[in-house]
Amino acid sequence: MAALAVFWTIIFATLLVSSQQQQQQLLRQGTTGSRQMSMVVDKKSLTEQDFVRVLNAPDFFTATPDLSVPVEYRCSKDRIIGVDVRASSLVRNNVDIFKFRWQCEKTLGQSKVRTVAITLPDTVLYKEDRLVRRAVFVTSMELRVWLIDKSLWTQYKMNHYVRALAKVSYPMKPVPPYTRPPKDHKQCWRWDVEMIDRYTDDFKYATCPLEPEVVDFFTFPVAFGGYKRGVVKELPKFKDLALRKHMGEISTKARWTLSVWVYLQKYCSMNLCGLYHKAAVDDFYLTPVIFVTDTGHLFVQVSMVPQQLHAVLSIFKLPLHQWFRLDFTLDGNYFNTTVTYGPNLDKQYFMEDHFPRTVYFDDFSGRHVFGGTDVGLQAIKGFMAHARLYRTHVVPHDVIPIPPASDAMFAIELPQEYKNCEGFKRYTSIKLRHYKILKEDVLRKRVCLSFYAEKMEKYRRGYVDPESICPVYAGPAKQGYATTNALIRKQVAKYIRIYSLHDKDLSDQLYQKAIDTVDVEGLRGVVSSIPMLQQSACLRGGHAAYLLSVLYTTGAGVKADQARAWRYGLLAAQLSGKLGLMSIAHKHHFGYDGYPIDDDIAYIYYKNIADQTQKDRDEHVEDDVFTETIRLTDTNALKEITNENDDLFLWLKFQAKKGVTDAQSAMARMLFWGQQGIKRNLQAAFRYYEMHAQQEPKNPEALYDYGIVMLKGQGTEKDVKKAMNTLNKSAELGSPAAINALGWYALNHEGNATKAAHYFHQADRKGNHDAAHNLGHLYWSGGYPGLKKPDRGKAFECYWRSAQRGHIEGSIQSAMMFYNGYGLQERNAYNGAIWSRFIAEMSPELGKTLRNGLLAFRQKNWSKSLLFYLLAAEAGLEQGEFNMAYLCEENPEGLAESFIEKDCKWKYYNLSTLAEWPSSYAQIKMGDFHWYGCGGKRDASAAVKMYAKAAVQQDPQGLYNLAYLVGEGVEIENMTLLKIGIDPVHKTSNVTLMSEFYSRCRESRNSDAFIPCSLALARVQLFDIWQKYEGFLKLSSVLGVAMVTSLTAFAVHAHIRANRQDVDTV
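So, in structure tokens, the structure goes:
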């Protein structure tokens, strides 16, 4: 029996130890079932071990009435047990939103279970409503239970969980605010809250505010010509403050993907060209930088912590002359780049790497730049489209959607255009060799060879020079290439040695041939010349590409084709054709003809022309003219247009030679700038400046003009000594321009910035625009006396002041600073675009287009006038739009209706009213169109707006038409009346308001309006009298009629009686 007792004792001890080991293992694993948790137990003997845990801990807390958790615990002595629910949001971390404590007495080795009711705030359980005003977006939540010694509980007032003998935490899944249930409020609402809830539904279908997590920088194709400018974009800010904070906290753990479509025409002409990069306001490169090298490889650079740069170079080369998608992903310090290309987008290049240190990327700081920059980085040569940033998450390249085939990027068919042009260039190369051989053969036959040379020629007959053999060319010459062949033959005949075609000359000649056909065939000649225009465009002819774009946009002689219009418009802009750049910029600025409104893109096109405008005005080109604003309805301005053989010009020339100073000044101005139809002639202009200065030696302006052209050597040899003497005399007489010139000389020739700044300030105070610009340059470059570094804020103030005074370079710099945000609180792309446009419209190229249209109009060459004004109108010039609309309205010889498919009257009058200073004539026309329902529907409110705008410009026709609309019962808003300058008190009656309109119309400065406005006012006043005294007037009329009738009857009766007496007497 004793042995049996020992046996059972060993078995029992073994089972007890095994059970305790299993229990210890369970506690250490911290699981209830398969739930993961963090657990600490008291390190005592297994029989005296203290522990605490939650039985069947939930995955998340739901809004239920009986929200509770069962807590199992065991205490070897008196302890304190705590249950906490801790949560973190996007704003605050580790906040205790629930606490419960109780005292645990010694349990003598046995565990106990207590159910704890959990009470959480409504803001983490329910969605928002009238009483739950702000639901908290919880990012993490955990349930914690712990057990602490009573002495520690008394000694320490906080951090009990850290000091606990046993503790366990359970991670909980937070429920997003808008997936939570609404709360069933068991209480009576205040009457105002109940009424608001009854009649509004703001919270019944509450959803998260849409945040710009996926940003499309642009979708429409953008042309890059390899110049130092690019599209700058800023990310829209997140609305949620917590989300902003979150994005700031993960700047070293950024996860995002950039996707952009690219069409490269050629690799970089420099070491690196800009494709995309992020830059700070001071132009310092941020993460990432993606450039293209001169060999076609990708260059990727990032900023690491602390302030180190790291760059990698791709092994592969980017494909040319096809669209490919570049996907760049950054995930912490890992990045990958995928290039998807091929006719079916079924080929890929892939690059990945881990950067050696933490990469820094701040979502909120910096600007996103596509292409180059104004401060030195050259852009790629090609196109970009569909630039998209996934700013809060990584997207695999195979998930990013591909645009449909109908998208503008594919519809313009750039690869096919390149293929066609390459075929044409091969053809021209073959023809060049062919004509060279023919020329050499002709020259050889005209020369008699010596005996020795003849023998050598016979000896060499066995050797055949490949250049002397015509290349294989199957088939006859292609249709439409006859003109090209003739021009190539002409080039070969012109040059003694020619190794390749002069593409620019050939392109310009083809374009001019197409334009010249208008004189012979009218507008139909342009249509028949489309093959020539296409050939010219292939040879980098921006003018030809633009003309093709205009034809397909307007349907002029051809069927309107938007895809082709886009293609040739983008090609014209990419080739830096000034009219093409102006056109596509204008359409992006106002958003029509399928171009989306985007001032960031409009700016780079406007800026391209503005930069060229400054160069064109400084350089002397004989056929350049000044851009003049002349409308075909302005008969006085038309009379002032002249030419070298016109009576007005010859008369001014005669007067100038006779010593009339005003005539000398006018002749010098016209010849120097190319104004009023006169071509630029700097030499002749200088002679008239000299005459004027000699004639009036005390005239400061005459002396300045004479001195400055000598100083710059414009039209004469430079004579610095004589120029400075003349300018000093002008400055002494108070000329602000001369004072500025002295400062310019001190800065650029003497190197004395202090002296220069003194002169600049003196001239600036007198209102000189050059001086303000020069001060801006000193501040911008850091050359101002006493400055240690550039001051962009001061520079902007000076540039802006010079721009407001009409200075070209000051306007360009102001536009650039507006666009990039230099020296400002924030960037303003709109102001950058309109100030660049202001300078772009001064381009001599645009001036020549308007001048050609005007001269053709005076010569009654309607076809040519219509063509050039059509080119100017599509370029967005207000005068071009107005004159084109006027020609469409007049429709000489029926050309407009027969040649242009679209309604050009409505389009161009409407576009001209969008300008900063539109013609009131156009506004009245648009008001008429709206009132009479041109286009199928009457719009009285739009008519009122247009007539009111004309009235603001003091046009009596606008006032007259507004009065007429009031008589027709149209309501005019008070704000509209205030803009015109009429007190709304006149709206007491229609008659009163009409009388006010007609009175102002009669009192206008236009004498032609006096009679019609006076008659209309009299009619209204008579009508008013009739209305007021209708009864009296009617009674008076009846009595008058009765009296007249009675007198008439009496007279007739007397006349009859007299006749009877005469008969009886006879």
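Oh and the sequence shown: position 657 is 643 in my numbering, straight run, nothing missing.
Even glycine gets a Cβ: it sits at the ideal position worked out from N, Cα and C.
Note that the coordinates shown come from a computational prediction; the quantities given were computed from them, not determined experimentally.
- Sequence-distant Cβ neighbours of K239 in its own chain, meaning closer than 7 Å and more than five residues away, are G318.
- For P56, the pairing in a beta bridge is given by DSSP as T101.
- With respect to I388, L331 sits close: the two C-beta atoms are nearer than 9 Å.
- With respect to the 9 Å criterion, D70 and K92 are not classified as neighbours on the basis of their beta carbons.
- A straight-line Cα-Cα distance of about 42 Å links A468 and T619.
- According to the DSSP assignment, F672 belongs to the alpha helix (DSSP H) that extends over 668 to 681.
- The secondary-structure analysis by DSSP pairs F204 across a beta bridge with A373.
- In this structure, G357 is the residue among G357, Y376, E879, V278 with its C-alpha nearest to the C-alpha of P207.
- Counting only the Cα atoms, K411 lies some 29 Å from T326.
- Following the DSSP letters along the chain, one finds V69 inside the beta strand (DSSP E) bounded by residues 65 to 75.
- Inclusion of K545 and E887 in the CB contact set at 9 Å is warranted, their separation being smaller than that value.
- When DSSP states are grouped into helix, strand and coil, T326 belongs to the strand group.
- Measuring C-alpha to C-alpha distances from Q35 to each of T101, A152, H379, R78 identifies A152 as the nearest.
- Sorting L1008, N960, Y894, P904 by C-alpha distance to the C-alpha of F915 places Y894 at the top.
- Looking only at M370, L375, A365, the smallest Cα-Cα distance to T315 is reached by L375.
- In this structure L519 is buried. Its beta-carbon is surrounded by 16 or more other beta-carbon atoms within 10 angstroms.
- Excluding sequence positions up to five before and after K264, its CB lies within less than 6 Å of the CB of L272, G352, H354, all in the same chain and listed in chain order.
- DSSP places Y950 in the helix class (H, G or I) of the three-state scheme.
- In the three-state DSSP reduction, I83 falls in the strand class (E or B).
- Following the DSSP letters along the chain, one finds A152 inside the beta strand (DSSP E) bounded by residues 152 to 158.
- W786 sits in a helix when the DSSP states are folded into three classes.
- Taking a cut-off of 8 Å for Cβ pairs, the stretch 870 to 883 and the stretch 842 to 851 touch, as three or more such pairs fall below it.
- The secondary-structure analysis by DSSP pairs A297 across a beta bridge with Q287.
- Burial check for L1001: the Cβ neighbour count within 10 Å stays below 16, so the residue is exposed.
- Beta-bridge annotation (DSSP): L638 is not paired with any residue.
- DSSP places P390 outside both helix and strand once states are collapsed to three, so it counts as coil.
- The residues R617, L618, G839, Y855, in chain order, have a CB closer than 7 Å to that of N869 in the same chain once the five nearest residues on each side in sequence are set aside.
- Boundaries for S493: no beta strand (DSSP E) harbours it, while the alpha helix (DSSP H) harbouring it runs 489 to 507, taken from the DSSP string.
- Secondary structure within the stretch 394 to 418: the alpha helix (DSSP H) runs of 4 or more consecutive residues, fully enclosed, are 394 to 397 (chain order).
- Of D268, I301, V291, F270, the smallest CA-CA separation from T281 is found for I301.
- DSSP places Q96 outside both helix and strand once states are collapsed to three, so it counts as coil.
- A check of alpha carbon separations from E783 across P776, G809, A549 identifies G809 as the nearest.
- Relative to V118, the option among S126, V124, T125, D108 whose CA is nearest is D108.
- When beta bridges are read from the DSSP output, D313 appears opposite S245, T324.
- Comparing C-alpha distances from C259 to each of A523, V278, P274 shows the shortest one belongs to V278.
- Taking C-beta atoms under 8 Å as the contact rule, L565 and L857 qualify, at a distance of about 6 Å.
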